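A.B. asks: After the structure tokens below, expect a handful of questions from me.
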Amino acid sequence: MTLESSQLNELHWLMEMLHNIDVGLVVLDKEYNIQIFNGFMENHSGYLPREVKDKCLFELFDEIQPEWFIRKAESVFLLKNKAFTIWEQRPYLFKFDSYRPVTGSADFMYQNTTFIPLLSASGDVTHLCLLVYDVTDNAIHKLSLEQANKELAILSQTDGLTKLFNRAHWELCLQAEYKRWSRSDHASSLVMIDIDHFKKVNDSYGHLVGDDVIRHLSGLIRKHVRETDVSGRYGGEEFAILLADTPLENAQIFAERLRSEVEKSIVKHNDIEIQYTISIGVAEIEKTINTYEAWIECADTALYRSKDEGRNRISLYPKQT
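Residue 299 in numbering that gives the first Met the number 0 sits at position 300 of the sequence shown, with consecutive numbering throughout.
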């Protein structure tokens with residue numbers, strides 16, 4: 000075998016390998032016209048190499064933003080250094096369908112891309128090579144893990160029955176609000192709510208009906224609070240709502256609206272119809288309250304005054320004369 004034929008064989012093997020590797024390979028000239036387009040790109044784009052030869056990349060693939068791509072490529076031409084894009088920054092360069100067996104539900108192929116400068120014999124960068132890697136499996140796995148962690152975080156903060164915050168998380172929010180008030184001295188109010196004669200409901204109709212009453216009240220709370228308010232289940236049938244940036248008189252209006260709607264409501268469980276009421280205590284943060292725990296105690300004091308004075312009413316702290 001002559002040296003020339005040996006070199007031709009090596010070149011043939013090299014081209015065969017580049018055509019069949021499971022990585023996208025595209026070579027562009029300085030005008031961003033396609034010079035090489037391997038089998039991976041052919042299979043996923045639907046274009047034959049001869050169809051794209053000398054065609055402008057941006058005319059064939061309109062999902063590629065020319066301004067961004069040229070800025071990226073020019074740095075490679077100028078500095079003669081590689082550049083990279085990863086799927087976390089830009090999900091894909093070429094919008095290809097995903098055919099991965101593990102992640103068949105993915106809407107598209109997630110990609111990492113390497114930009115490689117190709118030098119001529121004189122040392123000038125004359126062409127740009129793109130290597131496109133299918134990282135869909137890794138991306139979907141990471142995204143699924145992040146979503147699962149978010150859901151777990153929400154579950155760890157949420158009361159299962161009411162879907163409101165649980166006591167631990169709600170108290171952390173109250174503590175943060177107390178610290179914010181200490182710095183800015185803005186108005187904020189705390190509302191404590193207790194279902195009247197709840198034990199009678201459980202004793203008369205059973206815990207399933209009692210759970211329906213608790214869920215009903217939590218639904219009304221979610222209906223009336225703002226996005227900035229923090230509502231939680233404080234105990235068995237006791238609820239707490241932090242009304243940020245809300246003075247006492249506005250908190251009283253909120254509490255009365257909620258109390259009134261509860262009083263008019265009917266909870267249905269199979270053929271059972273229940274009417275119930277709530278007692279409410281409201282306390283606005285003030286300088287005499289020196290901890291967030293003391294703030295809770297003030298609202299609790301007002302709540303138990305409501306219960307002592309006949310229930311189905313609102314009491315304020317300090318007691319209004």
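Every residue gets a Cβ at the ideal spot worked out from N, C-alpha and C, and that includes glycine. Please read all numbers here as calculations on a predicted model, not as lab measurements.
Who are the Cβ neighbours of Ile35 in its own chain at under 7 angstroms, not counting the five residues just before and after it?
C.D. replies: Result list for Ile35: Leu24, Val25 and Val26, in chain order.
A.B. asks: Using a Cβ-Cβ cutoff of less than 6 angstroms, which residues in the same chain neighbour Lys54 once the five nearest sequence positions on both sides are dropped?
C.D. replies: Here the set comprises Ile33.
A.B. asks: By how many angstroms is the C-alpha of Asn269 removed from the C-alpha of Ile240?
C.D. replies: Their Cα atoms are separated by approximately 30 angstroms.
A.B. asks: How about Gln156: is its Cβ closer than 6 angstroms to a heavy atom in the ligand FMN?
C.D. replies: Within the structure as shown, the ligand FMN is missing, as the structure has no ligands at all.
A.B. asks: When you compare only the Cα positions, how much space is there between Ser119 and Val51?
C.D. replies: Near 23 angstroms, if we compare the C-alpha coordinates of Val51 and Ser119.
A.B. asks: The beta strand (DSSP E) with Asp96 in it runs from where to where?
C.D. replies: That residue, Asp96, is in no beta strand (DSSP E); it is neither H nor E in DSSP.
A.B. asks: Name the residue from Asp193, Pro90, Leu56 and Leu77 whose alpha carbon lies nearest to the alpha carbon of Asp106.
C.D. replies: Cα-wise, what sits closest to Asp106 is Pro90.
A.B. asks: Of the residues Thr227, Leu77, Glu150 and Phe95, which one's Cα is nearest the Cα of Ile115?
C.D. replies: Comparing Cα-Cα distances from Ile115 to each of Thr227, Leu77, Glu150 and Phe95, the minimum goes to Leu77.
A.B. asks: Please look up how many angstroms separate the CB atoms of Leu216 and Ile194, rounded, as I've assumed it's under 8 angstroms.
C.D. replies: That pair is a contact at about 6 angstroms.
A.B. asks: Rounding to the nearest angstrom, what Cα-Cα distance links Gln64 and Thr227 in this structure?
C.D. replies: Each residue's alpha carbon lies about 39 angstroms from the other.
A.B. asks: Does the separation of the CB atoms of Asn249 and Thr276 fall below 7 angstroms?
C.D. replies: Going by C-beta atoms, Asn249 is not nearer than 7 angstroms to Thr276.
A.B. asks: Using the DSSP secondary-structure output, state which residues sit across from Ala282 in a beta bridge.
C.D. replies: Answer is Leu189 and Tyr316.
A.B. asks: Should the segment 200–212 be regarded as contacting the segment 150–159, the criterion being three or more beta carbon pairs within less than 8 angstroms?
C.D. replies: These segments do not touch.
A.B. asks: On a Cα-Cα basis, can you pick out the residue from Tyr204, Ala254, His43 and Pro246 that is closest to Lys222?
C.D. replies: When only C-alpha atoms are compared, the closest one is Ala254.
A.B. asks: Given that a residue counts as buried once 16 or more other Cβ atoms are within 10 Å of its Cβ, and exposed if not, what is Val321?
C.D. replies: Lying before the first or after the last residue shown, residue 321 is absent from the chain, which here runs from 0 to 320.
A.B. asks: Please identify the residue among Cys172, Lys286, Asp307 and Arg49 whose C-alpha is closest to the C-alpha of His185.
C.D. replies: When each option's Cα is compared against that of His185, the closest is Lys286.
A.B. asks: In its own chain, which residues sit with a C-beta less than 6 angstroms from the C-beta of Thr102, not counting the 5 before and 5 after it?
C.D. replies: In this predicted model, Thr102 has a pLDDT of only 49, less than 50, meaning its place in the structure is not dependable enough to derive any value.
A.B. asks: In terms of DSSP beta bridges, what is Val22 paired with?
C.D. replies: None; Val22 has no bridge partner.
A.B. asks: With a Cβ-Cβ cutoff of 7 angstroms, do Ile288 and Phe238 count as a contact?
C.D. replies: Their beta carbons are not under 7 angstroms apart, which means Ile288 does not touch Phe238 by this criterion.
A.B. asks: What three-state label does DSSP hand Thr102 in the structure shown?
C.D. replies: In this prediction, Thr102 has a pLDDT of 49, which is less than 50 and means its spatial position is unreliable; what the coordinates show is noted afterwards. Note: Thr102 maps to coil in three-state DSSP.
A.B. asks: Checking the sheet assignment: what are the DSSP bridge partners for Gln88?
C.D. replies: DSSP, once it has assigned bridges, lists no residue as partnering Gln88.
A.B. asks: Since Ser44 and Phe83 are thought to touch, with beta carbons under 8 angstroms apart, how far apart are those beta carbons, to the nearest angstrom?
C.D. replies: Wrong, their Cβ atoms sit about 21 angstroms apart, outside the cutoff.
A.B. asks: Measuring straight from C-alpha to C-alpha, what distance separates Tyr291 and Tyr303?
C.D. replies: Going from the Cα of Tyr291 to the Cα of Tyr303 covers about 19 angstroms.
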